[in-house]
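Trainee: Going down the list, the protein sequences come from chains E and B.
Sequential numbering from 1 applies to the first sequence in my numbering.
Sequential numbering from 188 applies to the second sequence in my numbering.
Glycine included, C-beta positions come from ideal geometry on N, C-alpha and C.
What you are looking at is a predicted structure, and each value in this text was computed from that prediction instead of being measured.
Can you keep this structure in mind? I'll have questions shortly.
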Amino acid sequence: MLDWIRQPWPWYVAGPLIGLTVPLLLLLGNKSFGISSSLRHICAACVPAGIPFFRYDWKKEIWNLFFVTGILLGGILAAQWLSNPSPVVVNPKLAAELSGYGITNYDGLIPQQLFSWPQLMTPRGIIMMVGGGFLVGFGTRYAGGCTSGHAIMGLSNLQWPSLVATCCFMAGGFIMANLVLPYILKM
Amino acid sequence: MNTEYEVRSEHAMCVNHSELDKPLVSKIKYGVAGILFGIILVKSEVISWFRIQEMFRLQSFHMYGVIGSAVIVGIISVWLIKRFNAKTIDGELIKLEPKKFNKGQIYGGLIFGFGWAITGACPGPLFAQIGTGALAVCVTLLSAIAGTWVYGRMKDKLPH
Chain E
1 MLDWIRQPWP WYVAGPLIGL TVPLLLLLGN KSFGISSSLR HICAACVPAG
51 IPFFRYDWKK EIWNLFFVTG ILLGGILAAQ WLSNPSPVVV NPKLAAELSG
101 YGITNYDGLI PQQLFSWPQL MTPRGIIMMV GGGFLVGFGT RYAGGCTSGH
151 AIMGLSNLQW PSLVATCCFM AGGFIMANLV LPYILKM
Chain B
188 MNTEYEVRSE HAMCVNHSEL DKPLVSKIKY GVAGILFGII LVKSEVISWF
238 RIQEMFRLQS FHMYGVIGSA VIVGIISVWL IKRFNAKTID GELIKLEPKK
288 FNKGQIYGGL IFGFGWAITG ACPGPLFAQI GTGALAVCVT LLSAIAGTWV
338 YGRMKDKLPH
């Protein structure tokens, strides 16, 4: 049993479980599923700076901060007790492309050759960690939600603006991964 | 002027629709839900930069399967909740508000897409990645918080 749990979970197990988060949060207390708003609540709580967008009672959304703290703890638990000892299996085509950029280490889900403290001293690392993170925070709020809020919660509630947003997430991702990221990875 | 609720729900999908004022201790259940969610994110490898690269290069069905089946289960669940006027465990009627379209969903959506492909993470996975020990991702998370702050600062000057 534990051996089975330690293996990577297939999509048909993980996907439905992620989908069930929607009714779970609604039934627990009328909360619509979404994660990127937590970043806004952190701004509202820590650095509101008199900006109207951050002038609201963030304590009314504190459930969201409990939820993301839980995600962090879940990550710790999964890494401590449920982790898969084998390297990450990736498509050979991707592995061939990445080896051209010197990315050859598949020990972790997050490539240490791109996302680590020493990498922060390199232009590539700064662009990917600082620049990429900024785009995630700016873009999700501009779009009014992220993968969880729009692609999962919004689509579950059949909201067409969420379908527009989801298509734009994917379009942006395809453009970046195929047309721009290769040049960043080459640095 | 705007009510506090209007400001809070502006540009946000996830809003607390509950009108009950419950003590802080009662929020622990959302922490437990988060723990389960975090474990699913890690074990399904959707927090992996490699899986996101495969998705955007059409080299694997995994992410499409995860998101697609999550949406199908979500649609059925929300339909059932509406069909039976389901109530929360505290007996409150469940509310879901329609979302208004604005151009931010296009511009912001594309910008987030760029960031998603670079970092290999959306906001949820950022927290899970840090949990798995990739502590340098704290920098990515702080930068994402900064991005959200800059959006809040510039909001009125941006096309919506």
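Is there a Cβ of chain E sitting closer than 8 Å to that of arginine 270 of chain B, yes or no?
Mentor: As a working note, residue 270 of chain B is residue 83 in the second sequence. It does not: the Cβ of arginine 270 of chain B has no partner Cβ on chain E nearer than 8 Å.
Trainee: What are the residues that DSSP puts in a beta bridge with asparagine 203 of chain B?
Mentor: Numbered from its first residue, the second sequence carries residue 203 of chain B at position 16. For asparagine 203 of chain B, DSSP records a beta bridge to E:Lys31.
Trainee: Would you check if the distance between the CB atom of glycine 221 of chain B and the CB atom of glycine 74 of chain E is smaller than 8 Å?
Mentor: Within the second sequence, numbered from 1, the residue matching residue 221 of chain B stands at position 34. Within the first sequence, numbered from 1, the residue matching residue 74 of chain E stands at position 74. In contact: glycine 221 of chain B and glycine 74 of chain E (Cβ atoms closer than 8 Å).
Trainee: For lysine 342 of chain B, does the three-state DSSP call read helix, strand or coil?
Mentor: On the second sequence, position 155 is the one that residue 342 of chain B refers to. Helix.
Trainee: Does the separation of the CB atoms of glycine 297 of chain B and alanine 171 of chain E fall below 8 Å?
Mentor: What you label residue 297 of chain B is simply residue 110 of the second sequence in a count that begins at 1. What you label residue 171 of chain E is simply residue 171 of the first sequence in a count that begins at 1. In the sequence under discussion, the amino acid at residue 297 of chain B is leucine, which differs from the glycine named in the question. It is a contact, given that the beta carbons lie within the stated cut-off.
Trainee: For a contact defined as C-beta to C-beta under 7 Å, what are the partners of proline 285 of chain B on chain E?
Mentor: To locate residue 285 of chain B, count along the second sequence from 1; it is residue 98. Within chain E, the residues near proline 285 of chain B are Gln159.
Trainee: Considering only the alpha carbon of each residue, which of E:Asp3, E:Val89, E:Asn30, E:Thr21 lies closest to lysine 274 of chain B?
Mentor: Mapped onto the second sequence, residue 274 of chain B falls at position 87. Ranking the options by Cα distance to lysine 274 of chain B, first place goes to E:Asn30.
Trainee: Just to confirm, is the Cβ distance from glycine 145 of chain E to tyrosine 217 of chain B under 8 Å?
Mentor: Position 145 of the first sequence, counting from 1, holds the residue named residue 145 of chain E. Position 30 of the second sequence, counting from 1, holds the residue named residue 217 of chain B. Cβ atoms of glycine 145 of chain E and tyrosine 217 of chain B: not closer than 8 Å.
Trainee: Starting from threonine 140 of chain E, trace the alpha helix (DSSP H) both ways and give me its first and last residue.
Mentor: Translated into positions along the first sequence, residue 140 of chain E becomes position 140. Counting along the chain, the alpha helix (DSSP H) containing threonine 140 of chain E begins and ends at 132-143.
Trainee: Which partner residues of lysine 274 of chain B appear in the DSSP bridge assignment?
Mentor: Within the second sequence, numbered from 1, the residue matching residue 274 of chain B stands at position 87. Answer is B:Leu280, bridged to lysine 274 of chain B.
Trainee: DSSP on glycine 154 of chain E, reduced to helix/strand/coil?
Mentor: Along the first sequence, read from residue 1 onward, the residue named residue 154 of chain E stands at position 154. Of the three classes helix, strand and coil, the one that applies to glycine 154 of chain E here is helix, per DSSP.
Trainee: Give a yes or no on whether 8 Å exceeds the smallest Cβ distance from valine 253 of chain B to chain E.
Mentor: As a position in the second sequence, residue 253 of chain B is number 66, starting the count at 1. At least one C-beta of chain E is nearer than 8 Å to the C-beta of valine 253 of chain B.
Trainee: Classify serine 86 of chain E as buried or exposed, calling it buried when 16 or more other Cβ atoms lie within 10 Å of its own Cβ.
Mentor: In the first sequence, the residue the question calls residue 86 of chain E occupies position 86. With fewer than 16 Cβ atoms within 10 Å of its Cβ, serine 86 of chain E is classed as exposed.
Trainee: Given that alanine 79 of chain E touches chain B, what residues does it touch there, using C-beta distances under 8 Å?
Mentor: Working through the first sequence from its first residue, we reach residue 79 of chain E at position 79. Simply Val229, Gly318, Thr319, Gly320.
Trainee: For alanine 321 of chain B, which of helix, strand or coil comes out of DSSP?
Mentor: Locating residue 321 of chain B in the second sequence gives position 134, counting from the first residue. Three-state DSSP puts alanine 321 of chain B in coil, outside helix and strand.
Trainee: Is it the case that the region 2-18 of chain E contacts the region 161-175 of chain E, given that we only count it when at least three CB pairs across the two stretches are under 8 Å?
Mentor: no
Trainee: Use the C-beta contact count for methionine 200 of chain B: other C-beta atoms within 10 angstroms, 16 or more gives buried, fewer gives exposed.
Mentor: Counting from one through the second sequence, the residue named residue 200 of chain B turns up at place 13. Buried, because 16 or more other Cβ atoms sit within 10 Å of the Cβ of methionine 200 of chain B.
Trainee: For the alpha helix (DSSP H) containing aspartate 57 of chain E, list its first residue and its last residue.
Mentor: For the purposes of this step, residue 57 of chain E is taken as residue 57 along the first sequence, with counting starting at 1. Note, aspartate 57 of chain E: premise wrong, no alpha helix (DSSP H); not H, not E.
Trainee: What does histidine 324 of chain B touch in chain E if you count any residue whose Cβ is under 8 Å from its own?
Mentor: Numbered from 1 along the second sequence, position 137 holds the residue referred to as residue 324 of chain B. Correcting the residue type first, residue 324 of chain B is valine in the shown sequence and not histidine. Within chain E, the residues Ile110, Phe115, Met129 have their CB atoms less than 8 Å from the CB of valine 324 of chain B, given in chain order.
Trainee: Going straight from the alpha carbon of glutamine 7 of chain E to that of valine 324 of chain B, what length do you get?
Mentor: If you number the first sequence from 1, residue 7 of chain E lands on position 7. If you number the second sequence from 1, residue 324 of chain B lands on position 137. Distance between the alpha carbons of glutamine 7 of chain E and valine 324 of chain B: 24 Å.
Trainee: For the pair the region 256-268 of chain B and the region 101-117 of chain E, tell me if three or more CB-CB distances fall below 8 Å.
Mentor: A contact between stretches requires three or more CB pairs, one per stretch, nearer than 8 Å, and the region 256-268 of chain B fails this requirement with the region 101-117 of chain E.
Trainee: Determine the DSSP secondary structure at asparagine 178 of chain E, reduced to helix, strand or coil.
Mentor: Within the first sequence, numbered from 1, the residue matching residue 178 of chain E stands at position 178. The three-state reading of DSSP puts asparagine 178 of chain E in helix, counting H, G and I together.
Trainee: Taking the Cβ atom as the reference point for each residue, do alanine 189 of chain E and isoleucine 268 of chain B lie within a distance shorter than 8 Å?
Mentor: The displayed coordinates of chain E run from 1 to 187. Any statement about residue 189 of chain E would go beyond what the structure contains.
Trainee: Note down, in chain order, each residue of its chain lying with its Cβ closer than 8 Å to the Cβ of glutamine 113 of chain E, except the 5 sequence neighbours on either side.
Mentor: As a first step, residue 113 of chain E is located in the first sequence; it is residue number 113 there, counting from the start. Here the set comprises Gly102, Ile103, Thr104, Asn105, Gln119.
Trainee: Please identify, using Cβ separations under 8 Å, the residues of the region 171-184 of chain E that lie next to chain B, in order along the chain.
Mentor: Ala171, Gly172, Gly173, Phe174, Ile175, Met176, Ala177, Asn178, Val180, Leu181, Ile184
Trainee: Could you compute how far the alpha carbon of valine 22 of chain E sits from the alpha carbon of methionine 153 of chain E?
Mentor: Taking the first sequence and counting its residues from 1, the one referred to as residue 22 of chain E is at position 22. Taking the first sequence and counting its residues from 1, the one referred to as residue 153 of chain E is at position 153. If I take the Cα positions, the gap works out to 6 Å.
Trainee: Ordered along the chain, which non-local residues of its own chain (more than five positions away) have a Cβ less than 7 Å from that of aspartate 277 of chain B?
Mentor: On the second sequence, residue 277 of chain B is found 90 positions in, with the first residue counted as 1. The beta carbon of aspartate 277 of chain B is closer than 7 Å to those of Leu207 in its chain, skipping five residues each way along the sequence.
Trainee: Taking Cβ-Cβ distances shorter than 7 Å, what residues in chain E pair up with lysine 282 of chain B?
Mentor: For this step, residue 282 of chain B is matched to residue 95 along the second sequence. By Cβ distance, chain E contributes Asn30.
Trainee: Can you list, in chain order, the residues of its chain whose CB lies under 7 Å from that of threonine 140 of chain E, leaving out five sequence neighbours each side?
Mentor: Position 140 of the first sequence, counted from the start, is the residue given in the question as residue 140 of chain E. Excluding five sequence positions before and after threonine 140 of chain E, the CB atoms of its chain that fall closer than 7 Å to its own CB belong to Ser36, Cys146, given in chain order.
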